[in-house]
Amino acid sequence: MPAPFTDDTVDLLGELDRIKCTKYKNDCEFMIFISQQVKRLGDGHAGYVNYCYDSSYITYLPFPIALLLNPNAINVPSIYIVPEASEIAALTFKSDAIKRWESSLGSNLKAFDGARVVSINSQDAWTYIDSLAAHSGSFQARTTRQNGFFASYQGRSYRLGDFAQLALPPQSDTIELGVIRNGTEKREVHKVPYLSILGPDSQKFTDTKSFWANNCRPVLVTNGSPNNNIAASSSLNSSKVGAQLLAKEDPYSRPARFQSDPIRPQVKDGKWMAVSSLVNDGPQNNVLLPPRLSPPVSVSGREAMQWYMLDDGKTAVLHLSSFSANATGMFPSIIRLAALDGVNKVRAKGATRLLIDLTNNLGGSVCLAAWLHRILAGPQPGIGTQPGLDGSVRAQELPQKIVTKIVANHTRVDPYNRLLYNPLQWKDTNGKRFSPTLNWLNPPVGVQVNGVFDRFSRRVGDICLPFGLTPPSTQPFKFENIAIMTNGRCASSCSLFSITMATRYKVKTVVVGGRPGTVQQYCGVVGGQSSNFAAMDSEVKTPGLKHDRLAPPDFLTNSYQGINWRLAWSIQDPNTFEEFKTHPAQFTFQLLPSTVNNPMALWKYIAKGLWCN
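The numbering used here puts the first residue of the sequence shown at 2, with every later residue one more than the last.
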């Protein structure tokens, strides 16, 4: 990988060969090593989940941590147990778990609220966090992976962070924390036990045999299936009712466990819904922000999209925690209307500035990102042809065979146009739909990616137009009055949106938190369109290529493999992909005890710092 992502360079085949020749104590240990090597790639679209072990039990500590500025030493941020730790514990854990922790500590949990963490397992706290960040995955930037260990919020939910919530078993039953409690200067060392609970989606078992049978064998949607009569129940003109019926009939229309978007792209409002989102290895958002930290009632909004006005009377906030239609619980037409309604309502209240909070937004609908761009940018040149980014897919031998089969007889192979490799799914960069007989992967285009030659398809253009709603004829906010804030954990569709706004229009970019002296990325993994093994396996099986020498075998375990399927081309350097670019934030704001996990207080703090008045 290019700088600053050189530590993501992995000889994956070599590592797999090494693992293959290594003896492990048990299957779980073996799986953990596999997981770590895949995560070292730093590509959250290519995440691997083994439901036999990933979050089958979820392991917790009672102490979420955060990087905070001490009000008495404002230029020296340090790692602290969050001030609300005991409050979160009371909301999250049963009394017997809290009693066990307090017995081990010899004190109640509240006594440790806001304590400074000076060491972890006899190491400097940052050294420990950095060692874990080497294989925590999801993001290319080490700084963003570090930020993932800290507590944060996603919408109105509380994220404990990767330090206090683990998807896989830790190496030890306890962790040693060196802390200095509030009001003292004395360093204390405590061994804190990890406590685990059965994951909410895990199936009960009584012994090894029933554990394997109930949790580890492949399920209906682990592998793909040929697109058959399921496809016949829907067409590109399906109604809302029809799409809802399809969701009941087609198991691939629902998200896989822990994921946010359907396994296969679905028809909504008459269009295929392309998604770009990260793979999750555990349940998300199972803890709510305490009422005192939760934002007030919004001015406008639906589910993951909420609009607020700050008390300065000038600054509106768009709090968008996900681009996923599953998170919004709505059809695209409704979320598009919610975006328009929000802009109109905050403008009517006098808003002239917009702060967009994308904290922990891990993507979702590609077209929602394009629509939001169109609303905020106004009728810019070229936006009526491509409100998103052009892209390409890899054109290796097996995908070429798939396309060849489709174009030779598309009415037989894919009569309902459900396959991603069907040329009818795509348009060229001028907005013209591909012919059903166009072999769009042949000839392939040679591209150098990080110094390695690879083969890609011709460029494909917009997949979202027409939007189905009339977009605004004017730009609602001046670009200098728009700022995007994240904790670095903005990815996939979130990255597509934020990069477009920052690169084309120079809107402000802000990262909250982050290790001092490092460059913070305002967004991470970009991709263009994500997929997964089951969806791609269906693409192979439908034209009858499962027995091809290049076709992958079915999973024998209950697993999920994400795939970074379509890559977006760069805006600034159109001959390279956006995926491997650095996206440094213009501004970094450190958290205070008064702003950590308190969205409204944080928005006011950042707005004042950016615009002064």
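Just so it is clear, CB atoms sit at the ideal spot from N, CA and C, and this is done for glycine as well.
For this session: May I have the straight-line CA-CA distance separating Gly314 from Asn345, to the nearest angstrom?
Result: 15 angstroms
For this session: Going by DSSP, name the residue or residues bridged to Tyr52.
Result: In DSSP, Tyr52 forms no bridge with anything.
For this session: Grab the span of the beta strand (DSSP E) containing Leu355 for me, first residue to last.
Result: 354–358
For this session: Enumerate in chain order the residues of its own chain whose CB-to-CB distance from Leu442 is below 7 angstroms, with the five nearest sequence positions on each side excluded.
Result: Ala396, Pro400, Gln401, Val404, Ser458
For this session: Alpha carbon to alpha carbon, how far is Gly200 from Thr207? Give it in angstroms, no decimals.
Result: 15 angstroms
Exercise. With which residues is Glu177 paired in a DSSP beta bridge?
Worked result: Lys192
Exercise. Are the Cβ atoms of Asn598 and Ala152 separated by less than 8 angstroms?
Worked result: yes
For this session: Can you tell me which of Pro291, Leu196, Leu161, Thr316 puts its alpha carbon nearest to the alpha carbon of Pro477?
Result: Thr316
Problem set entry | Residue range of the unbroken alpha helix (DSSP H) whose run includes Ala142 | Looking at the DSSP string, Ala142 is not in any alpha helix (DSSP H), and its letter there is neither H nor E.
For this session: Using three-state DSSP, classify Ile376 as helix, strand or coil.
Result: helix
Exercise. Where Cys29 and Glu398 are concerned, what is the direct C-alpha to C-alpha distance, given to the nearest angstrom?
Worked result: 35 angstroms
Exercise. Does DSSP classify Gln204 as helix, strand or coil?
Worked result: coil
Exercise. With burial defined as no fewer than 16 other Cβ atoms inside 10 Å of the residue's Cβ, what is the status of Val513: buried or exposed?
Worked result: buried
Exercise. Taking the runs of the alpha helix (DSSP H) that are 4 residues or longer, which of them lie wholly in the region 74–146?
Worked result: 86–93, 96–106, 126–134
Exercise. By how many angstroms is the C-alpha of Val450 removed from the C-alpha of His320?
Worked result: 35 angstroms
Exercise. Roughly how many whole angstroms lie between the Cα atoms of Asn71 and Ile33?
Worked result: 37 angstroms
Problem set entry | Arg293 beta carbon near the ligand PLP (any heavy atom closer than 7 angstroms) | In terms of ligand content, the structure shown is empty, and the ligand PLP therefore cannot be addressed.
Problem set entry | Start and end residues, beta strand (DSSP E) containing His320 | 316–321
For this session: Specify, as a first and last residue, the run of the alpha helix (DSSP H) that Arg413 falls within.
Result: 411–414
Exercise. For Gly452, does the count of other Cβ atoms within 10 angstroms reach 16, so buried, or fall short, so exposed?
Worked result: exposed
Problem set entry | Cα-Cα separation between Pro252 and Pro263, rounded to whole angstroms | 9 angstroms
For this session: Indicate whether Val222 and Ser105 have their beta-carbon atoms separated by less than 8 angstroms.
Result: no
Problem set entry | Contact belief for Thr430 with Arg456 at Cβ below 8 angstroms, rounded distance in angstroms | 19 angstroms between Cβ atoms; not a contact.
Problem set entry | the region 374–391 touching the region 154–168, judged by at least three CB pairs closer than 8 angstroms | no
Exercise. By a C-beta neighbour count over all protein chains shown, 10 Å radius and 16 as the cutoff for buried, is Pro65 buried or exposed?
Worked result: buried
For this session: Can you give me the start and stop residues for the beta strand (DSSP E) that Gln381 sits inside?
Result: Here Gln381 belongs to no beta strand (DSSP E), and DSSP marks it neither H nor E.
Problem set entry | Simplified DSSP assignment, three categories, for Phe630 | This structure cannot settle anything about residue 630, because the visible part of the chain is limited to 2 through 614.
Exercise. For Gly149, which residues of its own chain have a beta-carbon under 8 angstroms away from its beta-carbon, when the five flanking residues on both sides are left out?
Worked result: Ala134, Ser137, Ser139, Phe140, Gly162, Asp163, Arg490
Problem set entry | Nearest candidate by alpha-carbon position, reference Arg146, set Ala112, Asp44, Ser203 | Asp44
Exercise. For Pro477, which three-state DSSP category applies?
Worked result: coil
For this session: Classify Phe150 as helix, strand or coil using the three-state DSSP reduction.
Result: coil
Exercise. Looking only at C-alpha atoms, which of Phe498, Thr10, Pro600, Tyr606 sits nearest to Tyr154?
Worked result: Pro600
For this session: Assuming Ala116 contacts Tyr81 (C-beta within less than 8 angstroms), just tell me the rounded distance between them.
Result: 7 angstroms
For this session: With DSSP as the reference, label Lys406 as helix, strand or coil.
Result: helix
Exercise. Can you round the beta-carbon distance between Ala503 and Leu390 to whole angstroms, since I take them to be within the 8 angstroms contact cut?
Worked result: No, Ala503 and Leu390 are not in contact; Cβ-Cβ is about 13 angstroms, not under 8 angstroms.
Exercise. Three or more beta-carbon pairs under 8 angstroms between the region 468–483 and the region 551–562, yes or no?
Worked result: no
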